């Protein structure tokens, strides 16, 4: 059985991962930027799309485009079937118990807002507390702040150590009778830390506190099993897992979703409407008001299938190899410091250079054809924790190679050369 | 590569490493913060204005080579200028870094080294951050100016 936090070295033999073959699936990679081959290392921001995804979307518009769930005609039937098939694929991908626990949303941000506004507004009151960690992305901070402001509740933040690891003891101490929700990232987008979500969930559940896991960075990197984790909510974004933008999934345990009021009102989320009373539709449609993003849902389905074919264990192993190769090489460059050195880590290498601002690093690397992210990575509190304004961040995807890591290292030397 | 050298000219690198007037100005009667939330650059600009003329300018904060050098050279450039002259220089400097200037910025003196920024549209905000803060300071705007 797969587990979400299984370290790469204990995974059993799996089909060989042929990165050169994989790269052929991604048309965008085969271009030059500033005269150099593109080295795309900004995968934590968004991933590139395989041909299978691009074609699934194009084919949908070319052959099947229609509104779903209400037409009696053939195209509508086809579109509905294709759309609902993705729900099944997402259910299996996350190992949810039932398809009705899979809600299509715009992305992780909307998923978290949905839980905050629906579950949160109903269950959080004055003086209550919501517990997050110090390494959260803004999308797992601000929706809770909005809720706290409205309800006069308090946002508590569990601290992290200098490696960027959650202090579990401190986290546990912050769980109290007033804690109504725990919301935690599975993998930190700024630091790469893999959080011990299973322990976090167990600690919270011992006190009957539900847990939302922000899985945006985990879904493309490690196998996720929501039943094994026993999380109450899990949020993912299609575009971070080789699918399109504008589509994501909120997994919620049926018992929670059933009891929650709708998030938005409109078509599709109703069973019947009169001016006196509206009866809401059953799950999952209660949370899918209006015509959904059908094409990108179908694109997400193609991305899930693509990941299934490669096998996330193999992807995880490949990226772990890249990360350790990159970490060793980058750390050995004089004047470079890696930010985020958790023992359990995936996908992300954030670093700073003495006397050189990340923004300048980004511009010079771009000139070498290397795309990285510079800035606070939508995690300003993380930057404050490490007392830095920003970092340069290389984040790896399944199509990256050791040669690209070497290009990054050469690029960093070049930064020193240009800026002296 | 040549574009990169155009951007990171020696003078710019020198100012970014040894910024001039990098200090809190005790005599300042105007100050404002400039903030670029995207890259985290953050400067405070201090100005001492008497009878419509800038007596002294200082700045502090953190930012990339471009933003720091621009702030440093701005402080040198504006000392002794009137507020109207400062506005005019900013307008011409802005035109230069956005590629809207007719010439090569010769009339801007040393600031002409920032002409290379126009090839890097994403860096225009870096080059103008301290200038926006300065303008806010002169206008007495309390709120930190953001380049977003």
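Chains as they are written, first to last, in the working numbering: chain A, 56 to 475; chain B, 4 to 151.
Ideal Cβ positions, reconstructed from N, Cα and C, are used throughout, including at glycine.
Note that the coordinates shown come from a computational prediction; the quantities given were computed from them, not determined experimentally.
Residues near residue i in its chain [Cβ-Cβ closer than 6 Å; skip 5 each side]
i, result
"residue 65/A", "The predicted model places residue 65/A with a pLDDT of 49, which falls under 50 and marks its position as unreliable, so this point remains unresolved."
"residue 191/A", "240"
"residue 104/B", "98"
"residue 78/A", "84, 454"
"residue 56/A", "Note that residue 56/A scores 44 on pLDDT, short of 50, meaning its location in the model is unreliable; the coordinates nonetheless yield the value given after this. The answer is none, since no qualifying residue turns up."
"residue 428/A", "97, 100, 448"
Short CB-CB distance (under 9 Å) between residue i and chain E
i, result
"residue 90/B", "You won't find chain E in this structure, because its protein chains are A and B."
Cut-off 8 Å between Cβ atoms - residues of its own chain near residue i, not counting five sequence neighbours on either side
i, result
"residue 344/A", "317, 318, 319, 320, 321, 322, 323, 324"
"residue 419/A", "466, 469, 470, 473, 474"
"residue 202/A", "171, 172, 175, 176, 179, 185, 208"
"residue 151/A", "145, 157, 281, 282, 306"
"residue 130/A", "119, 120, 121"
"residue 12/B", "116, 119"
Endpoints, the beta strand (DSSP E) within which residue i is located
i, result
"residue 467/A", "Counting along the chain, residue 467/A falls outside any beta strand (DSSP E), though it belongs to the alpha helix (DSSP H) covering 457-474."
"residue 216/A", "Premise fails: residue 216/A is in no beta strand (DSSP E) and is neither H nor E."
"residue 117/B", "Unbroken run through residue 117/B: none, as it is neither H nor E."
"residue 127/B", "Premise fails: residue 127/B lies in the alpha helix (DSSP H), 127-141, not in any beta strand (DSSP E)."
"residue 372/A", "Per DSSP, residue 372/A belongs to no beta strand (DSSP E); it is in the alpha helix (DSSP H), 367-386."
"residue 158/A", "157-160"
"residue 325/A", "325-328"
"residue 334/A", "333-335"
"residue 312/A", "Looking at the DSSP string, residue 312/A is not in any beta strand (DSSP E); the run it does join, the alpha helix (DSSP H), is 309-314."
Status (buried if at least 16 other CB within 10 Å, exposed otherwise) for residue i
i, result
"residue 330/A", "exposed"
"residue 242/A", "buried"
"residue 34/B", "buried"
"residue 346/A", "exposed"
"residue 432/A", "buried"
"residue 348/A", "buried"
"residue 173/A", "buried"
"residue 80/A", "buried"
"residue 275/A", "buried"
"residue 265/A", "buried"
"residue 165/A", "buried"
"residue 17/B", "exposed"
"residue 135/B", "buried"
The alpha helix (DSSP H) enclosing residue i, as first and last residue numbers
i, result
"residue 226/A", "223-229"
"residue 148/A", "129-149"
"residue 25/B", "It is not in any alpha helix (DSSP H) - residue 25/B carries neither H nor E in the DSSP assignment."
"residue 443/A", "Run containing residue 443/A: none; DSSP gives neither H nor E here."
"residue 5/B", "5-10"
"residue 104/B", "Counting along the chain, residue 104/B falls outside any alpha helix (DSSP H), and DSSP gives it neither H nor E."
"residue 167/A", "163-170"
"residue 284/A", "281-284"
"residue 77/A", "74-79"
"residue 202/A", "197-206"
"residue 256/A", "252-260"
Which residues DSSP lists as bridging residue i, in chain order
i, result
"residue 103/A", "Paired residues: none, contrary to the question."
"residue 94/A", "425/A"
"residue 408/A", "391/A, 411/A"
"residue 45/B", "38/B, 65/B"
"residue 269/A", "240/A, 290/A"
"residue 109/A", "Residue 109/A is not bridged to any residue."
"residue 186/A", "211/A, 237/A"
"residue 59/B", "51/B"
"residue 149/B", "38/B"
"residue 450/A", "97/A, 403/A"
Cutoff 7 Å; reference residue i; Cβ partners in own chain excluding five residues on either side
i, result
"residue 78/B", "23, 24, 60, 61, 62"
"residue 87/A", "93, 424"
"residue 149/A", "279, 281, 289, 306"
"residue 460/A", "377, 380, 381, 384"
"residue 32/B", "51, 52"
Note to self: Any C-beta of chain B within less than 8 Å: which residues of the region 404-418 of chain A qualify?
What the structure shows: Cβ proximity to chain B below 8 Å picks out 410, 411, 412, 413, 414, 415, 418 from the region 404-418 of chain A.
Check: Along the region 426-448 of chain A, what residues have a CB closer than 7 Å to any CB found in chain B?
Finding: Hits within the stretch, in order: 429, 430, 431, 438, 444, 445.
Check: For the region 125-139 of chain B, which residues have a CB atom closer than 9 Å to at least one CB atom of chain A, in sequence order?
Finding: So the list reads 125, 126, 129, given in the order they occur along the chain.
Note to self: Short of 8 Å Cβ to Cβ, which residues in the region 101-127 of chain B face chain A?
What the structure shows: Cβ contacts with chain A: 123, 125, 126.
Check: Going along the region 61-82 of chain B in order, which residues come within less than 7 Å of chain A, judged by CB to CB distance?
Finding: Cβ contacts with chain A come from 65, 66, 67, 68.
Checklist line | Cβ-based contacts, 9 Å cut-off: residues of the region 110-126 of chain A near chain B | finding: Along the region 110-126 of chain A, there is no position whose C-beta sits under 9 Å from a C-beta of chain B.
Note to self: At a CB distance below 7 Å, what residues from the region 31-42 of chain B approach chain A? Give them in sequence order.
What the structure shows: Here the close residues are 41, 42.
Notebook entry, point to check: For the region 74-93 of chain A, which residues have a beta carbon sitting closer than 7 Å to at least one beta carbon of chain B?
Noted result: Hits within the stretch: zero.
Margin query: Beta carbons nearer than 8 Å to chain B: which residues of the region 192-221 of chain A have them?
Written below: Of all residues in the region 192-221 of chain A, none has a Cβ within less than 8 Å of some Cβ in chain B.
Note to self: To be precise: take each residue of the region 449-475 of chain A, compare its Cβ to all Cβ atoms of chain B, and keep it if any distance is under 9 Å. Which residues remain?
What the structure shows: Cβ contacts with chain B come from 473, 474, 475.
Next item on the list: Could you please tell me which residues of the region 318-352 of chain A, in chain order, have their CB closer than 8 Å to any CB of chain B?
Entry: Here the close residues number zero.
Notebook entry, point to check: At a Cβ cut of 8 Å, what residues of the region 155-169 of chain A count as close to chain B, listed as they run along the chain?
Noted result: Those would be none; no residue qualifies.
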